[in-house]
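Residue numbers (this note's numbering): 12 to 242. All C-beta atoms, glycine included, are put in the ideal place defined by N, C-alpha and C. In this text the structure is predicted, and so the values were computed from the model without any measurement.
Here is the structure:
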């Protein structure tokens, strides 16, 4: 009887492709190539900062222009955004928006995401009159669009940081054995696919892990991604 062929461990660099295949296996309407494009790390040049409300410090964001460019690049203009409802609450306006991704053949909807966006009403300092309520609604609509896009993965590394904060705040320690055990524990306890894929990059770039440890972590990450996706 021939010996059973030993199963090879996936390398870290193949994990994004594996995730793309996984998405296809779970009957995702988007292609592997589109998955890889969506979950690509947001370039630093497109990440901006602005102060949070109530003195909560600065937070990162991407512009509506960037989100629209990614949608156009990934889906070839086969998307649209609709305002379902809108309103005003005191000095804030809100918009209920719907992002629809269409199939190339037939143009029927294949992905629909809905979210709410908001914006402060801007006033003149001189007489406290409203500057442009239309611009305020436009800002709220852009906010809703960005939230819808983040739900399919666009700039999710920017807007979803809280979901994998633990992965970001616990870098690989300097000791090889400790770093491997710490990394393995973090992977097994992770609950966010985007965070796992980002952590895979950190593992690959680490000079504190051996090749064997990286291969084992790659296997653990793939298995955990499979578990999350099928749960």
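With a threshold of 8 Å between beta-carbons, can residue 162 be considered close to chain D, or not?
Here there is only one protein chain, and chain D is not present.
Please return the same chain residues whose Cβ sits closer than 7 Å to the Cβ of residue 69, not counting the five positions on each side in sequence.
These residues qualify, in order along the chain: 60, 61, 62 and 63.
Keeping to the same chain, check which residues put their C-beta closer than 7 Å to that of residue 170; ignore five residues upstream and five downstream.
The residues are 161.
How would you call residue 86, buried or exposed, if buried means at least 16 neighbouring beta carbons within 10 angstroms?
Label assigned to residue 86: buried.
According to DSSP, what are the bridge partners of residue 235?
DSSP lists no partner for residue 235.
Taking the straight line between their C-alpha atoms, what separation do you get for residue 209 and residue 51?
Cα to Cα, residue 209 sits roughly 9 Å from residue 51.
Thinking C-beta only, is residue 105 closer than 8 Å to residue 128?
The answer is yes: Cβ separation under 8 Å.
I believe residue 49 touches residue 164 by the beta-carbon criterion, under 8 Å. Please report the beta-carbon distance rounded to the nearest angstrom.
Between residue 164 and residue 49 the Cβ distance is about 4 Å, and since that is below 8 Å, they are a contact.
What are the start and end residues of the beta strand (DSSP E) that includes residue 125?
Here the beta strand (DSSP E) through residue 125 covers 120 to 131.
Which one of 41, 44 and 73 has the shortest CA to CA distance from residue 167?
Closest by alpha carbon: 73.
Residues in its own chain within less than 7 Å of residue 102 by CB, not counting five upstream and five downstream?
Cβ neighbours of residue 102 beyond the five flanking positions: 131 and 132.
Spatial neighbours of residue 107 within its chain, please: C-beta separation below 6 Å, excluding the five flanking residues on both sides.
Excluding residues within five positions, the ones whose Cβ falls inside 6 Å are 95, 96 and 127.
Verify whether the separation of the beta carbon atoms of residue 134 and residue 142 is less than 8 Å.
Taking 8 Å as the Cβ cut-off, residue 134 and residue 142 qualify as a contacting pair.
By Cβ distance, which residues of its chain are closer than 6 Å to residue 109, with the 5 residues on each side in sequence left out?
Around residue 109: 93, 95 and 125.
For residue 202, which residues from the same chain have a beta carbon less than 7 Å from its beta carbon, with the 5 sequence-adjacent residues on both sides left out?
239.
Taking the beta carbon of residue 112 as the centre, do at least 16 other beta carbons fall within 10 Å, making it buried, or is it exposed?
Answer is buried; the Cβ neighbour count reaches 16.
Based on Cα-Cα distance, which residue from 228, 234 and 153 lies nearest to residue 243?
As shown, the chain starts at 12 and ends at 242. That puts residue 243 outside it, with no answer to give.
I need the DSSP call for residue 84, collapsed to helix, strand or coil.
In this structure, residue 84 counts as helix in the three-state DSSP scheme.
Quick check on this structure: which residue in 114, 58 and 147 has the alpha carbon closest to the alpha carbon of residue 41?
When each option's Cα is compared against that of residue 41, the closest is 114.
Using the beta-carbon count (16 or more within 10 Å), is residue 194 buried or exposed?
With 16 or more other Cβ atoms within 10 Å, it is buried.
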